Every structure is written in structure tokens, then in C-alpha cells.
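Peer 1: Numbering (numbering that gives the first Met the number 0), first residue to last: 0 to 348.
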Amino acid sequence: MFCENCGSQVADHASFCPECGKPLAAVEPEEVRQKRGHQPYDYGQQMRPVQMTSPVQDQPQMQGQPQAQSRPVIQEPPQVVQKQTVYTRKLPIIVIILLTLGFFGVGIMGGIGGLGLSMATATIPGLVLIVLIYRLDRIEPEPVGLLVKLFLLGGTVGIIGAMSIGTGLDKILVMVFPEGSFFYCLIDAFIVAALVEELLKYMILRICTWKHPAFNYRFDGVVYSTTVAIGFDIIEDLLFMIGSSAGTAFSRAAFPGHCVFGIYMGYYYGQAKTFELKGDTAKAAAMRRKGIFIAVGLHGLYDFCCMYGQSAPDLVAVLMVLAVIVLMTVLNVTAYKNIKKYAQEDTQV
0 MFCENCGSQV ADHASFCPEC GKPLAAVEPE EVRQKRGHQP YDYGQQMRPV QMTSPVQDQP
60 QMQGQPQAQS RPVIQEPPQV VQKQTVYTRK LPIIVIILLT LGFFGVGIMG GIGGLGLSMA
120 TATIPGLVLI VLIYRLDRIE PEPVGLLVKL FLLGGTVGII GAMSIGTGLD KILVMVFPEG
180 SFFYCLIDAF IVAALVEELL KYMILRICTW KHPAFNYRFD GVVYSTTVAI GFDIIEDLLF
240 MIGSSAGTAF SRAAFPGHCV FGIYMGYYYG QAKTFELKGD TAKAAAMRRK GIFIAVGLHG
300 LYDFCCMYGQ SAPDLVAVLM VLAVIVLMTV LNVTAYKNIK KYAQEDTQV
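1) Residues in its own chain within less than 6 Å of Val259 by CB, not counting five upstream and five downstream?
2) Going along the chain, which residues of its own chain have a beta-carbon closer than 6 Å to the beta-carbon of Ile338, five neighbours each way excluded?
3) When the Cβ atoms of the stretch 277-292 are set against those of the stretch 119-135, are three or more pairs found closer than 8 Å?
4) Measuring CA to CA, which of Asp11, Cys16 and Ala10 is closest to Asn4?
5) Taking its Cβ as the centre, do 16 or more other Cβ atoms sit within 10 Å of Phe182, making it buried, or is it exposed?
6) Whose C-alpha, out of Ile291, Ile96, His298 and Leu318, is nearest the C-alpha of Gly266?
7) To the nearest angstrom, how far is the alpha carbon of Ile158 from that of Phe274?
8) When the Cα of Ala119 is compared with those of Asp302, Gln343, Arg251 and Val323, which residue comes out closest?
9) Taking the alpha-carbon positions, what's the Val26 to Phe1 distance?
10) Closer than 8 Å by C-beta to Cys184: which residues in its own chain qualify, once you throw out the five before and the five after it? Chain order, please.
11) With distances taken Cα to Cα, identify the nearest neighbour of Ala213 among Val332, Gly125 and Asp136.
12) Hey, would you say Lys200 sits closer than 8 Å to Gly153, going by beta carbons?
13) Near Lys148, which residues of its chain fall below 8 Å by C-beta distance, leaving aside the five closest residues on each side in sequence?
14) How long is the line joining the alpha carbons of Phe249 and Ile229, rounded to whole angstroms?
15) Determine the closest residue to Ala322 out of Asp313, Gln343, Leu194 and Leu300, with distance taken between C-alpha atoms.
16) Candidates Ala121, Val317, Lys277 and Met264: which alpha carbon is nearest Ile293's?
17) Would you kindly work out how many angstroms separate the C-alpha atoms of Gly256 and Ser163, rounded to a whole number?
18) From Val105 to Val191, what distance separates their C-alpha atoms?
19) Go to Ile186, then tell me how far its alpha helix (DSSP H) extends in each direction, as first and last residue.
20) According to DSSP, is Phe254 part of a helix, a strand, or is it coil?
21) Is the beta carbon of Gly220 less than 8 Å from the beta carbon of Gly144?
22) Measure the C-alpha to C-alpha separation of Gly160 and Lys89 and round it to an integer number of angstroms.
23) DSSP puts Gln347 in a beta bridge; with which residues?
24) Rank Ser7, Val9, Cys19 and Gly101 by C-alpha distance to the C-alpha of Phe254 and give the top, closest one.
25) Which whole-angstrom value is the C-beta distance of Ile138 and Tyr223, which I expect to be below 8 Å?
26) For Gly43, name the three-state secondary structure that DSSP assigns.
27) How big is the Cα-Cα spacing for Glu344 and Phe239?
28) Confirm, please, whether the CB-CB distance from Gly109 to Ala245 is below 8 Å.
29) Are the Cβ atoms of Ile93 and Thr328 separated by less than 8 Å?
30) How about Ala342 and Phe218: are their beta carbons less than 8 Å apart?
31) Please identify the residue among Phe176, Ala193 and Asp232 whose C-alpha is closest to the C-alpha of Ile123.
32) I need the DSSP call for Phe1, collapsed to helix, strand or coil.
33) Who are Gln309's beta bridge partners in DSSP?
34) When you compare each of Val173, Pro177 and Val156 to Glu196 by their alpha carbons, which one comes out closest?
This is the structure in C-alpha cells:
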């Protein structure tokens with residue numbers, strides 16, 4: 000027979016023309032027509048595609064070929080996001096409260112162990128805090144050399160300056176108010192101790208980090224400020240142990256005050272850097288002053304409760320001790336929550 004499209008001769012049972020490729024549905028061999036009694040034969044039946052259940056479209060099913068199997072649709076299991084339970088979220092807070100009360104209780108009872116344990120109690124908590132805060136800075140960790148420099152300056156320049164200035168101011172203060180009186184403790188706590196020490200730590204912070212190229216994220220201010228503060232705190236704790244009992248080391252370990260104050264100073268210090276780079280120098284200066292003011296206020300309040308509690312009448316002394324316990328616990332827990340928040344909200348300056 001011949002192809003109706005191109006006229007080429009093809010085999011009698013061929014389905015396609017070998018020359019032009021056109022289906023030969025219209026051409027029916029004579030012997031096939033005679034066998035089925037000249038009934039019309041639908042050659043297109045050979046060309047009908049098999050309906051597949053698979054979402055993937057397959058090629059048309061040809062006569063004589065085995066029917067293609069449908070492809071099963073594989074669904075990936077949904078991702079399960081683990082949510083923190085109430086116990087998981089509250090556990091660090093509970094640990095902080097227990098450590099605060101435990102250290103303070105041991106300090107009140109006179110401490111335990113000898114000189115070695117007391118020195119370890121005075122130094123290890125601060126070093127642990129530096130590591131934990133450094134690990135919170137996940138976007139771009141700060142240069143270790145810069146942090147070591149800040150730590151050493153806080154423990155040397157800061158301490159020497161605070162002792163020198165504080166000694167001079169104490170001599171003037173004792174000539175105006177009786178030592179241990181309400182106003183003496185108030186001025187000694189907020190001016191001689193808090194204001195002088197926080198300004199010295201801020202001076203080290205500003206000189207060493209404000210123009211440093213590594214200071215490019217807001218949380219960097221918290222890392223720098225707490226590093227200076229912990230260097231100051233560790234050396235101060237060791238000096239306080241001279242002529243004191245082991246209880247002093249445990250009482251001071253219950254509240255890493257300089258680190259707590261440094262968290263707030265560093266937060267606003269990082270905010271100030273952002274405004275400075277935006278050209279708003281007035282707002283930057285306001286943020287720096289706010290950080291210093293909060294640090295001095297918390298520092299002075301804590302020192303006043305401690306100082307006045309040692310010389311006040313019995314009932315007032317008991318109230319001051321209770322105020323110190325509550326203040327330490329609240330400030331420790333609040334500092335933990337805030338520093339996690341500051342780290343999560345960290346953005347480029």
C-alpha cells in the first residue's frame with residue numbers, strides 16, 4: 000500500500016510511513032477488510048493514550064506495549080518544631096534564683112573552705128559570665144585581643160582609679176557626715192562608689208571601642224561593657240578578701256553586680272553607636288548618658304542597702320538585708336532575660 004500523504008510505498012501492516020512519519024490510519028489492508036466483512040475499522044484506537052493516575056504526564060500508550068504503572072506520590076512528613084515547655088523556659092531562672100540565695104546564704108554563715116576555694120569563688124563566676132556573653136554574640140564574635148585588653152584595663156586602670164579617687168572623697172565625706180550615718184552611706188554609695196566606678200569603666204569603654212572597626216553591631220556594646228566590668232569585678236572581689244572571711248567571697252559571688260550594671264550600660268552604648276552613624280549626635284549622647292545613669296542608679300541602690308544595713312538599727316538592718324536579697328534576685332533574673340533579648344534583637348549599627 001501507499002502513504003496518502005507522500006505517496007511512498009509502505010508495508011501492508013505498517014502503522015507509520017517510514018518517509019514522512021504520518022500515521023497510516025486511513026489505509027487499511029485488503030485482507031484485513033475482507034476478514035472483518037468490510038466493517039469500518041478504527042485505526043485511531045491504536046493511538047489513544049492510556050489515562051494515568053500519576054501526576055506526571057506520560058507518553059501515549061502504543062498497541063502491544065505493556066500498560067505503564069502509575070507512579071505513587073511520595074509525601075514528605077511534616078517538619079515538627081519542638082517548642083520549649085514551661086519547665087525549659089523557667090529552668091535557667093530557677094537556677095539563677097537558687098544560686099543567688101545559695102551563695103548569699105553561705106556567705107552569711109561565714110563561708111566554707113579555705114583560701115583556695117574563696118579565691119575560686121571570687122574569680123570563676125566572672126570568667127564563666129565572660130564566656131557565656133561571648134557565646135551570645137553569634138552574628139560576629141568580637142576579637143579576643145580586644146576583649147583581653149578591656150578585661151585587663153578594667154582590672155587595673157579601673158581599680159587603681161577608683162581606689163585613688165574614692166579614698167580622697169571618703170576623707171572629705173567623713174568630715175561632713177558621721178561615718179555610717181544615713182547621708183554618709185547615701186553619698187558614699189551613689190557618688191563615691193557608683194558614680195566614680197561607672198564613669199571609670201565608661202571611660203575605658205569609650206576610649207578603646209568607640210572608633211574600633213569591630214564595633215559594628217549593637218550587641219557589641221554589651222560584650223565590651225561587661226568585659227570591662229567583669230575585669231573590674233574580679234580584682235575588686237580579690238581585694239575585698241584581704242582581711243575578710245571566706246563569707247565575703249560567697250556573698251559577693253551571689254550578685255555579679257558590675258556585670259549586671261554593665262549589661263545596661265552596654266545596651267545603650269550600642270544604641271548610641273547606631274545614632275552616631277546616622278548623624279544624630281545629640282541622640283547618641285543621650286543614649287550614652289542614659290546607660291551611665293541606669294548603671295549608676297542600680298549600683299548606688301545596691302551599695303546603699305549593703306552599707307546602711309551594717310550600721311542601721313536592728314530592725315532597719317534586717318529590712319536592709321531583706322532588700323538586698325530581693326534586689327540581688329530581681330536584678331540577676333532581669334539581667335538574664337534582658338541580655339538574651341538584646342542578643343536576639345541584635346542588628347548592625
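Every residue, glycine too, gets a C-beta built ideally from N, C-alpha and C.
Quantities reported herein were computed from a predicted structural model and do not represent experimental measurements.
Peer 2: Taking the structure as given:
1) Start at 1 with the first residue of the sequence shown, and residue 259 comes out as number 260. Result list for Val259: Leu330 and Ala334, in chain order.
2) As a first step, residue 338 must be located in the sequence shown, where it is residue number 339. So the qualifying residues of the chain are Ile262.
3) Segments in contact, no.
4) Here residue 4 refers to the residue found at position 5 when the sequence shown is read from its first residue. Minimum Cα distance to Asn4 is reached at Cys16.
5) Residue mapping note: residue 182 aligns to position 183 of the sequence shown, counting from 1. Answer is exposed; the Cβ neighbour count stays below 16.
6) Here the question's residue 266 lines up with position 267 in the sequence shown. It should be pointed out that residue 266 corresponds to Tyr in this sequence rather than to Gly. Checking every option, the nearest Cα to that of Tyr266 belongs to Ile291.
7) Within the sequence shown, residue 158 is the residue found at index 159, counting from 1. Within the sequence shown, residue 274 is the residue found at index 275, counting from 1. About 31 Å.
8) Locating residue 119 in the sequence shown gives position 120, where the first residue counts as 1. It is Arg251 whose Cα lies nearest to the Cα of Ala119.
9) Against the sequence shown, residue 26 aligns to sequence position 27. Against the sequence shown, residue 1 aligns to sequence position 2. Model confidence at Val26 stands at a pLDDT of 48, short of 50, so the residue's coordinates are unreliable; what they give is reported in the following sentence. A straight-line Cα-Cα distance of about 8 Å links Val26 and Phe1.
10) Against the sequence shown, residue 184 aligns to sequence position 185. The answer, listed in chain order, is Phe303, Met306, Tyr307 and Ser310.
11) By one-based count along the sequence shown, residue 213 stands at place 214. Looking at Val332, Gly125 and Asp136, the one whose alpha-carbon comes closest to that of Ala213 is Asp136.
12) Along the sequence shown, read from residue 1 onward, the residue named residue 200 stands at position 201. Along the sequence shown, read from residue 1 onward, the residue named residue 153 stands at position 154. With respect to the 8 Å criterion, Lys200 and Gly153 are classified as neighbours on the basis of their beta carbons.
13) Within the sequence shown, residue 148 is the residue found at index 149, counting from 1. When the five nearest sequence neighbours on each side are left out, the beta carbons in the same chain lying within less than 8 Å of the beta carbon of Lys148 are those of Cys207, in order along the chain.
14) Here residue 249 refers to the residue found at position 250 when the sequence shown is read from its first residue. Here residue 229 refers to the residue found at position 230 when the sequence shown is read from its first residue. In a straight line, the C-alpha of Phe249 is about 16 Å away from that of Ile229.
15) By one-based count along the sequence shown, residue 322 stands at place 323. Ranking Asp313, Gln343, Leu194 and Leu300 by Cα distance to Ala322 puts Leu300 first.
16) Residue mapping note: residue 293 aligns to position 294 of the sequence shown, counting from 1. The shortest CA-to-CA distance from Ile293 to any of Ala121, Val317, Lys277 and Met264 is the one to Met264.
17) What you label residue 256 is simply residue 257 of the sequence shown in a count that begins at 1. What you label residue 163 is simply residue 164 of the sequence shown in a count that begins at 1. Distance from the CA atom of Gly256 to the CA atom of Ser163, rounded to whole angstroms, is 21 Å.
18) Start at 1 with the first residue of the sequence shown, and residue 105 comes out as number 106. Start at 1 with the first residue of the sequence shown, and residue 191 comes out as number 192. Each residue's alpha carbon lies about 29 Å from the other.
19) In the sequence shown, counting from the first residue as 1, residue 186 sits at position 187. For Ile186, the enclosing alpha helix (DSSP H) covers residues Phe181 to Ile186.
20) In the sequence shown, counting from the first residue as 1, residue 254 sits at position 255. Secondary structure at Phe254: coil, using DSSP grouped into helix, strand and coil.
21) Within the sequence shown, the letter at position 221 stands for residue 220. Within the sequence shown, the letter at position 145 stands for residue 144. Gly220 is not a Cβ neighbour of Gly144, given a cutoff of 8 Å.
22) Along the sequence shown, one-based indexing puts residue 160 at 161. Along the sequence shown, one-based indexing puts residue 89 at 90. Roughly 40 Å separates the two Cα atoms.
23) Position 348 of the sequence shown, counting from 1, holds the residue named residue 347. Gln347 pairs with Tyr216.
24) Walking along the sequence shown from the start, residue 254 turns up at place 255. Here the closest residue by C-alpha is Gly101.
25) Against the sequence shown, residue 138 aligns to sequence position 139. Against the sequence shown, residue 223 aligns to sequence position 224. The Cβ separation is near 15 Å, so there is no contact.
26) Within the sequence shown, numbered from 1, the residue matching residue 43 stands at position 44. For Gly43, the pLDDT reaches just 48, beneath the cut-off of 50, and the residue's location in the model is therefore unreliable, leaving the point undetermined.
27) Against the sequence shown, residue 344 aligns to sequence position 345. Against the sequence shown, residue 239 aligns to sequence position 240. A direct Cα-Cα distance of roughly 37 Å separates Glu344 from Phe239.
28) On the sequence shown, position 246 is the one that residue 245 refers to. On the sequence shown, position 110 is the one that residue 109 refers to. The answer is yes: Cβ separation under 8 Å.
29) As a first step, residue 93 is located in the sequence shown; it is residue number 94 there, counting from the start. As a first step, residue 328 is located in the sequence shown; it is residue number 329 there, counting from the start. Not a contact, by the Cβ cut-off of 8 Å.
30) In the sequence shown, residue 342 corresponds to position 343, counting from 1. In the sequence shown, residue 218 corresponds to position 219, counting from 1. Pairing Ala342 with Phe218 gives a Cβ-Cβ distance under 8 Å.
31) The residue you call residue 123 lines up with position 124 of the sequence shown. Taking Ile123 as reference, the option from Phe176, Ala193 and Asp232 with the minimal CA-CA separation is Asp232.
32) Indexing the sequence shown from 1 puts residue 1 at position 2. Of the three classes helix, strand and coil, the one that applies to Phe1 here is strand, per DSSP.
33) On the sequence shown, position 310 is the one that residue 309 refers to. Gln309 is not bridged to any residue.
34) Counting from one through the sequence shown, the residue named residue 196 turns up at place 197. Closest by alpha carbon: Val156.
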